[in-house]
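Notes to accompany the following structure.
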Amino acid sequence: MPCMNAPWPCASLNPIQSPRKPACSSPAKTQKLAAMHELSLAESMVQLIEQAQQREGFRRVQVVHLELGKLACVEPRALEFAFTSASIGTCAEGATLALRYVPGEGICPGCGTRAAMPTLYEYCPACQAHPLTAVAGTQMQVRDLDVVD
Ligand SMILES: [Zn+2]
84 MPCMNAPWPC ASLNPIQSPR KPACSSPAKT QKLAAMHELS LAESMVQLIE
134 QAQQREGFRR VQVVHLELGK LACVEPRALE FAFTSASIGT CAEGATLALR
184 YVPGEGICPG CGTRAAMPTL YEYCPACQAH PLTAVAGTQM QVRDLDVVD
């Protein structure tokens, strides 16, 4: 069943905020930390899906549609791996993750310029005086679930 027809509003799935921000810039050093980060996100996803199941009583989840911000410091393969293990024994076991990427975007606190942010640390391209504050692309969010009744 496509989620568009699901009786529960997708908007009620809360954004999953990164519990902390691991440094994206040093992958070697933070690899283990990053895997733990993905594991805690995967556990939050499973909790959220189980709450949706309690509300709606579907039997199984086939596809989890995720929006993944480019600045969310989430490594997709690590997330998939973590989700596979976190979902064992739940209605989401065996579900696939369908990822849609959201580009990073920031706003300058000085001059208000909005600009693309390829990384979390970018200076304002207009005034060069302030680091941009990220306003998009920092979250991971469950958008839709394809479920089996
Ligand atoms: Zn500026």
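Heads up: the sequence shown runs through residues 84 to 232, numbered per my numbering. For glycine and all other residues, C-beta sits at the position ideal for the given N, C-alpha and C.
Here Gln136 is buried. Its C-beta has 16 or more other C-beta atoms within 10 Å. Here the alpha carbon of Ala125 sits roughly 6 Å from the alpha carbon of Ala165.
Straight across, the Cα-Cα distance linking Arg160 with Phe141 is about 27 Å.
In the DSSP assignment, Ala169 falls within the alpha helix (DSSP H) that extends over 159-169. As the crow flies, the alpha-carbon of Ala198 is around 14 Å from that of Leu154.
DSSP places Glu139 in the helix class (H, G or I) of the three-state scheme.
Around the CB of Ser170, 16 or more other CB atoms lie within 10 Å, so the residue is classed as buried.
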